[in-house]
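In the working numbering, the protein residues as written are 5 to 84. The beta-carbon is built from N, C-alpha and C at its ideal position, and this holds for glycine as well. Below: the structure, in structure tokens.
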């Protein structure tokens with residue numbers, strides 16, 4: 005199975021990224037890895053902020069949050 009993730013725009017509010025392009029690339033790489041390792045999540049969490057585990061770097065935290073939201077019904081419908 006081949007997985008390609010393309011993030012066209014990543015908008016962060018309240019967080020300054022020293023190098024937005026590098027952050028986008030890092031999130032893309034981590035999200036691709038999550039999808040390859042775990043597939044799509046079976047169910048979505050309740051809407052709202054998702055807490056990051058202590059010590060998690062920003063790209064990993066963002067990738068985990070995006071991955072978790074892929075289980076939402078609206079995302080599953082779009083993938084059909």
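- Leaving aside the five residues that flank residue 31 on each side, the residues in its chain whose CB is nearer than 7 Å to its CB run, in chain order, 11, 14, 63, 66 and 67.
- Within the segment 6–78, the runs of alpha helix (DSSP H) that reach at least 4 residues and sit entirely inside it are, in chain order, 24–42 and 62–73.
- Residue 45 sits close to residue 72, with the two beta carbons spaced by under 9 Å.
- By the neighbour-count criterion, in which 16 or more other beta carbons inside 10 Å mark a residue as buried, residue 42 falls on the exposed side.
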